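J.: Questions regarding the structure given below will be posed in turn.
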Amino acid sequence: MRTNQPQTIYLSDYKAPAFLVDQVDLCFELFEDGARVHSTLSMRQNPESGSGAPLELHGDSLKLEFLALNGTPLLAGAYQDEGDKLVIPEVPAEFELAVVTWIEPQNNTRLEGLYKSSGMFCTQCEAEGFRCITYYPDRPDVMARFRTRVEADKSAYPVLLSNGNPVEQGDLDNGRHFVTWEDPFPKPAYLFALVAGDLLEKRDTFSTCSGRNIELRMYVEPRNSEKCEYAMDALKRSMRWDEEVYGREYDLDIFMIVAVDDFNMGAMENKGLNIFNSSCVLASQDTATDAAFQRIEAIVAHEYFHNWSGNRVTCRDWFQLSLKEGFTVFRDSQFSADMGSPTVKRIEDVTLLRTAQFAEDAGPMAHPIRPASYMEITNFYTLTIYEKGAEVVRMIHNLLGEELFRKGSDLYFERHDGQAVTTDDFVRAMEDASGRDLSQFRLWYEQAGTPVVAVTDDYDESRGVYRLTIRQSIPNTPGQTDKKPQHIPFAIGLLNSAGDPLPLNLNAEERNGPLERVLELTETEHSVEFHGLPERPVPSLLRDFSAPVRVQYPWTREQLLFLMSHDPDGFNRWDAGQRLAVDVIQSLLGAPDDAAVEPRLVEAYRHLLNDIELDQALVAKMLLLPSEAYLVELSDQADVPAIHDAREQVMKHLAHALRDELVACYQRNLDQGDYQLSSEAIARRSLRNIALAWLLHIDDEQALALAGEQFDNADNMTDRLGALRALVNSGFEHERNQALAAFYQRFSEDPQVVELWFSVQASSDRAGQLPQIQQLLQHPAFDWKNPNKVRSVVGAFAGQNLAAFHSPDGSGYQFLAEQVCRLDDSNPQIAARLVSPLTRWKKFAPHYCEQMKAALERIRDKSELSRDVYEVVHKSLA
Ligand code: PHE
Ligand code: ZN
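Reading the sequence shown from the start, the letters are residues 1 to 878 in the UniProt record's numbering.
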């Protein structure tokens with residue numbers, strides 16, 4: 001905690017470490033009032049940096065009990081304790097340093113380093129948590145072998161885990177015991193992990209491609225015994241997939257997953273010992289929605305894939321974070337696409353990117369996927385690093401093609417195994433393996449902001465030539481103006497009026513050109529002609545979202561309707577529908593309640609509802625109207641209540657006009673038989689729940705009966721929650737309250753379901769007005785110390801309940817400011833993340849914008865602001 005201005009750290013200041021660590025020997029003595037950590041470091045000067053530098057070790061909130069150099073205790077004058085650093089001015093070229101620290105996991109509310117979560121000890125060391133455990137050169141380019149002994153009371157903590165393989169265990173005096181773990185792979189401290197608790201063990205095995213047998217273990221609290229199967233299965237599928245698609249075999253003899261309730265993020269890829277937020281790993285049919293199952297599959301895969309993309313090859317410094325995160329998100333999205341529907345997965349990824357990452361990239365925290373500076377690295381675990389980072393890797397994949405990309409990734413892993421490297425090393429491996437020049441492409445790593453690609457066209461009937469003119473521009477972002485044009489792969493196709501794809505002939509002689517081309521835009525302006533076209537074609541632009549850019553083209557509603565039903569590119573079909581719906585909603589902004597809604601939109605939706613030929617998973621996606629958040633992102637001076645009203649008007653109009661089709665859709669998609677997690681079954685559930693939601697939105701009595709029945713008799717959480725959500729968002733107040741009470745009563749013992757219960761209310765404009773939010777905060781199940789609970793109430797309110805959050809009296813903003821200030825004292829990481837909805841204040845209509853700014857100023861003026869919140873608030877107000 002500090003009030004003075006935190007330091008900015010620059011990539012350009014990077015220096016190789018002065019000292020390296022070869023071996024770390026740790027012993028943790030865990031007690032009820034704290035923990036004593038004995039550490040012995042075998043260190044030497046780094047031959048690659050000059051000698052004579054003092055030894056500097058990071059430390060945070062540590063009590064130093066003992067310090068010895070080569071066996072000789074160091075007295076007070078021989079070192080300086082500078083608060084966040086321990087400096088020893090004189091050390092030999094090679095030495096052994098012994099450090100003993102005392103820490104208090106029980107009082108650790110930041111959830112960084114060693115802390116307690118519902119009775120168990122666990123760690124979170126990325127990015128800079130290891131320094132909260134002991135003094136250490138806590139930077140990813142210092143890689144060492146770890147040997148870890150854990151001692152604790154045997155009955156309270158029968159399970160003692162760390163990275164690598166268990167090598168020794170035994171009993172100690174006073175009912176205590178120990179286990180020693182050894183990790184043969186050198187690793188940075190951020191991948192260190194320890195767990196101690198009374199945990200249930202689930203076992204399985206996996207036989208690798210080379211025939212090695214791996215022990216797979218999940219450790220959970222006994223009450224979660226029935227919620228492990230899905231994650232274990234997803235793990236085995238991930239292990240097989242990484243062998244088949246990337247040739248990556250697992251390298252230790254044991255792989256462990258632990259579930260903890262209190263966790264700042266989703267999960268963590270600690271070597272051999274992945275630690276998960278319970279909500280990202282535990283699931284059963286009764287308690288988890290389809291979306292949760294899919295998220296678990298993706299996160300289990302993500303953390304597992306990190307074993308190569310992150311652990312075996314790691315980051316040189318935290319500016320390179322996207323090296324492991326962008327690549328690993330790309331890998332997990334390929335995996336999910338292979339496990340389910342690729343088009344649906346693409347739609348989901350792009351929805352997140354366009355709604356939230358584009359907003360980030362247009363806001364005050366905008367940064368390139370390889371940032372040039374930061375104050376607090378935790379603030380840089382962003383959608384830009386993760387999602388845009390993954391899009392950049394995807395573009396390389398598409399530019400090189402499957403085979404050369406695999407050659408490039410093989411070369412990358414082989415060349416850099418055991419090293420801490422940069423994004424540039426990654427790109428170079430791709431270049432070297434493929435022979436392609438990616439020098440201009442590298443700008444994607446350096447320039448922030450979402451490129452705008454503006455397309456115009458003209459058709460010369462006499463020559464049969466269709467010309468596209470494509471201009472790219474990249475908006476200014478904090479600290480960056482006058483950007484250079486980037487290398488943008490732009491996939492397109494052309495359709496004739498019958499809806500057939502046309503050959504893309506680049507000159508008058510070409511006859512049977514391909515039906516799709518990827519234009520490589522490298523200049524500010526690019527123009528291309530297509531020949532041999534007897535009529536003006538309809539362009540299908542940026543197919544499959546081939547680059548993370550905003551496309552501008554003067555589509556007519558006619559063209560969008562046409563693409564919605566004819567584009568062979570599934571993604572673009574969906575996108576055309578979204579653009580049409582956005583256009584219709586935008587045209588109703590500020591219009592009277594009875595203003596006409598575009599009848600062709602209604603007919604398009606009617607067609608979709610009746611279309612049983614089209615992939616039903618795609619139909620379900622196409623039926624979802626663009627979210628309020630996306631509509632806000634697309635507008636200049638957003639008036640949220642007006643956006644909310646216009647969207648409501650369209651939704652209600654559609655529901656009234658399509659009432660019978662919706663009821664039929666509901667009935668047609670009722671499940672007979674057992675619960676399944678196939679794409680088809682998931683699509684059926686989502687179709688019937690969309691139908692229910694729309695019908696209850698207009699307070700349809702028949703739908704009320706259907707919802708009640710579904711709520712009572714559902715054999716899975718997707719349907720039960722779908723019914724609850726529909727009731728909560730209806731005008732049937734009595735039934736809403738009844739259902740909420742029944743739901744809570746049924747699941748009050750299950751924290752993950754209680755989180756769903758909180759968020760269904762907090763994200764609803766009907767059940768989540770500010771007074772109701774205040775009540776949720778008073779609920780006995782709410783807990784300020786648990787990040788998931790905070791996210792499910794405060795996060796859901798500010799991030800998803802836009803109409804209530806942007807209440808014209810500014811009360812939502814003031815509320816958020818208060819909660820941020822309160823949380824900043826206990827958990828700065830979570831506090832800083834919660835500020836995010838306020839940071840985009842400049843985007844809103846003047847009345848809102850001023851009040852949002854005032855709320856930010858209120859946070860700024862709090863005394864003792866953490867570095868995390870300081871950075872976000874000051875950059876937002878700059
Ligand atoms: N490295 C984790 C992941 O993406 C995320 C994480 C970051 C978790 C920091 C905890 C702390 O898989
Ligand atoms: Zn990751």
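Where is the CB? At the ideal position from N, CA and C, for every residue including glycine. Only a predicted model underlies this, so the values are computations on that prediction, with no experimental measurement involved.
#1: Under 8 Å, do Asp425 and His416 count as touching if we go by C-beta distance?
#2: Does the distance between the C-beta of Glu269 and the nearest non-hydrogen atom of the ligand PHE fall short of 7 Å?
#3: Whole-angstrom Cβ separation of Ala855 and Tyr813, contact assumed at under 8 Å?
#4: Buried or exposed: which applies to Leu816, given that a residue is buried once 16 or more other Cβ atoms fall within 10 Å of its Cβ?
#5: Leaving aside the five residues before and after Thr456 along the sequence, list all residues of the same chain whose C-beta is less than 6 Å from its C-beta, in chain order.
#6: Measuring straight from C-alpha to C-alpha, what distance separates Leu756 and Phe405?
#7: Can you tell me which of the three DSSP states Leu519 falls into?
#8: Starting from Asp437, follow its DSSP beta bridges and name the residues at the other end.
#9: Apart from the five residues on each side of it in sequence, which residues of its chain come closer than 6 Å, Cβ to Cβ, to Leu662?
#10: Alpha carbon to alpha carbon, how far is His487 from Leu438?
#11: Looking only at its own chain, which residues have a Cβ that is under 6 Å from the Cβ of Ile682, when we skip the five neighbours before and after it?
#12: How many Å lie between Gln472 and Ser866 at the Cα?
#13: Using the DSSP secondary-structure output, state which residues sit across from Pro539 in a beta bridge.
#14: Go to Val260, then tell me how far its beta strand (DSSP E) extends in each direction, as first and last residue.
#15: Distance, Cα to Cα, Val793 vs Ile773?
#16: Around the Cβ of Pro333, are there at least 16 other Cβ atoms within 10 angstroms (buried) or fewer (exposed)?
#17: Can you check whether the CB of Val640 is closer than 8 Å to the CB of His806?
#18: Thinking C-beta only, is Gln829 closer than 8 Å to Pro139?
#19: Indicate, with yes or no, if the ligand ZN has a heavy atom lying under 7 Å from the CB of Thr328.
#20: Are the region 20 to 27 and the region 133 to 153 touching, with three or more C-beta to C-beta distances below 8 Å?
#21: What's the call for His653, buried or exposed, on a 16-neighbour Cβ count within 10 Å?
#22: Apply the 10 Å Cβ neighbour rule to Thr522 and answer buried if 16 or more other Cβ atoms are within range, or exposed otherwise.
#23: Using a 10 Å radius around the Cβ and a threshold of 16 neighbouring Cβ atoms, would you call Glu297 buried or exposed?
#24: Taking the alpha-carbon of Ala16 as reference, which of Leu64, Gly708, Met143 and Ala98 has the nearest alpha-carbon?
#25: Pull up the DSSP beta-bridge partners for Phe276, would you.
#26: Shortest alpha-carbon distance to Leu552 belongs to which of Glu509, Asn108, Ala604 and Val452?
#27: In angstroms, rounded to a whole number, what distance separates the CA positions of Asn307 and Thr355?
#28: Please report how far the alpha carbon of Asp198 lies from the alpha carbon of Asp153, in whole angstroms.
#29: Would you tell me roughly how many angstroms separate the C-alpha atoms of Ser730 and Gly389, rounded to the nearest one?
#30: Using alpha carbons as the reference points, say which of Asp183, Asn507, Asp636 and Ala878 lies closest to Glu168.
#31: Taking the alpha-carbon positions, what's the Asp575 to Asn107 distance?
#32: Mind the definition here: the region 239 to 258 touches the region 272 to 291 only if three or more C-beta pairs lie below 8 Å; say whether that holds.
#33: When DSSP labels each residue in this structure, what does Val549 get in the three-state scheme?
#34: How many Å lie between Tyr374 and Ile385 at the Cα?
#35: Using a Cβ-based criterion (distance less than 7 Å to any ligand heavy atom), does Glu168 qualify as near the ligand ZN?
T.: Looking at the coordinates:
#1: To locate residue 425, count along the sequence shown from 1; it is residue 425. To locate residue 416, count along the sequence shown from 1; it is residue 416. Cβ distance < 8 Å, so Asp425 and His416 count as in contact.
#2: Here residue 269 refers to the residue found at position 269 when the sequence shown is read from its first residue. At least one heavy atom of the ligand PHE is nearer than 7 Å to the Cβ of Glu269, so yes.
#3: As a first step, residue 855 is located in the sequence shown; it is residue number 855 there, counting from the start. As a first step, residue 813 is located in the sequence shown; it is residue number 813 there, counting from the start. With 8 Å as the limit, Ala855 and Tyr813 qualify as a contact, their Cβ atoms being about 4 Å apart.
#4: As a first step, residue 816 is located in the sequence shown; it is residue number 816 there, counting from the start. Label assigned to Leu816: buried.
#5: Locating residue 456 in the sequence shown gives position 456, counting from the first residue. These residues qualify, in order along the chain: Thr469.
#6: Counted from its first residue, the sequence shown places residue 756 at position 756. Counted from its first residue, the sequence shown places residue 405 at position 405. C-alpha separation (whole angstroms): 40 Å.
#7: To locate residue 519, count along the sequence shown from 1; it is residue 519. Three-state DSSP puts Leu519 in a strand.
#8: One-based indexing of the sequence shown puts residue 437 at position 437. The partner list for Asp437 (beta bridge, DSSP) is empty, contrary to what the question assumes.
#9: On the sequence shown, residue 662 is found 662 positions in, with the first residue counted as 1. For Leu662, where only same-chain residues beyond five positions count, the Cβ hits under 6 Å are Ala691, Trp694 and Leu695.
#10: The sequence position of residue 487 within the sequence shown is 487, counting from 1. The sequence position of residue 438 within the sequence shown is 438, counting from 1. So the two alpha carbons sit approximately 9 Å from each other.
#11: Reading the sequence shown from its first residue, position 682 is the one you call residue 682. If we look at Ile682 and ignore the five residues flanking it on each side, its Cβ neighbours are Asp290.
#12: Translated into positions along the sequence shown, residue 472 becomes position 472. Translated into positions along the sequence shown, residue 866 becomes position 866. Approximately 39 Å, taken between the alpha carbons.
#13: Here residue 539 refers to the residue found at position 539 when the sequence shown is read from its first residue. Among the bridge pairs identified by DSSP, Pro539 is matched with Leu494.
#14: In the sequence shown, residue 260 corresponds to position 260, counting from 1. Ile254 to Val260 is the span of the beta strand (DSSP E), which, as asked, contains Val260.
#15: On the sequence shown, residue 793 is found 793 positions in, with the first residue counted as 1. On the sequence shown, residue 773 is found 773 positions in, with the first residue counted as 1. Looking at the two C-alpha atoms, the distance is approximately 7 Å.
#16: Locating residue 333 in the sequence shown gives position 333, counting from the first residue. Checking the sequence shown, residue 333 turns out to be Ser, not Pro. The residue in question, Ser333, is buried, as its Cβ has 16 or more Cβ neighbours within 10 Å.
#17: Counting from 1 along the sequence shown, the entry for residue 806 is found at position 806. Counting from 1 along the sequence shown, the entry for residue 640 is found at position 640. The answer is yes: Cβ separation under 8 Å.
#18: In the sequence shown, residue 139 corresponds to position 139, counting from 1. In the sequence shown, residue 829 corresponds to position 829, counting from 1. It is worth fixing the name first, because residue 139 is Arg in this sequence and not Pro. Taking 8 Å as the Cβ cut-off, Arg139 and Gln829 do not qualify as a contacting pair.
#19: The residue given as residue 328 occupies position 328 in the sequence shown. Yes - the ligand ZN has a heavy atom lying nearer than 7 Å to the Cβ of Thr328.
#20: yes
#21: The residue labelled residue 653 in the question sits at position 653 within the sequence shown. Buried, because 16 or more other Cβ atoms sit within 10 Å of the Cβ of His653.
#22: By 1-based counting over the sequence shown, the position of residue 522 is 522. Classification of Thr522: exposed, given that the 10 Å Cβ count is below 16.
#23: As a first step, residue 297 must be located in the sequence shown, where it is residue number 297. So Glu297 counts as buried.
#24: As a working note, residue 16 is residue 16 in the sequence shown. Selected option, being the one with the closest Cα: Met143.
#25: For the purposes of this step, residue 276 is identified with residue 276 of the sequence shown, where counting begins at 1. BP columns for Phe276 point to Ala259 and Ala267.
#26: For this step, residue 552 is matched to residue 552 along the sequence shown. Here residue 552 is Gln; the residue named in the question, Leu, does not match the sequence. That would be Val452, whose Cα lies nearest to the Cα of Gln552.
#27: In the sequence shown, the residue the question calls residue 307 occupies position 307. In the sequence shown, the residue the question calls residue 355 occupies position 355. Roughly 30 Å separates the two Cα atoms.
#28: Mapped onto the sequence shown, residue 198 falls at position 198. Mapped onto the sequence shown, residue 153 falls at position 153. Roughly 10 Å between the two C-alpha positions.
#29: The residue labelled residue 730 in the question sits at position 730 within the sequence shown. The residue labelled residue 389 in the question sits at position 389 within the sequence shown. Using only the alpha carbons, I get a separation of about 39 Å.
#30: If you number the sequence shown from 1, residue 168 lands on position 168. Per the Cα distances, Asp183.
#31: Counting from one through the sequence shown, the residue named residue 575 turns up at place 575. Counting from one through the sequence shown, the residue named residue 107 turns up at place 107. If you take the alpha carbons of Asp575 and Asn107, they lie about 49 Å apart.
#32: yes
#33: The residue you call residue 549 lines up with position 549 of the sequence shown. Residue state, collapsed to three classes: coil.
#34: Here residue 374 refers to the residue found at position 374 of the sequence shown. Here residue 385 refers to the residue found at position 385 of the sequence shown. If I take the Cα positions, the gap works out to 13 Å.
#35: Taking the sequence shown and counting its residues from 1, the one referred to as residue 168 is at position 168. Result no, Cβ not under 7 Å from the ligand ZN.
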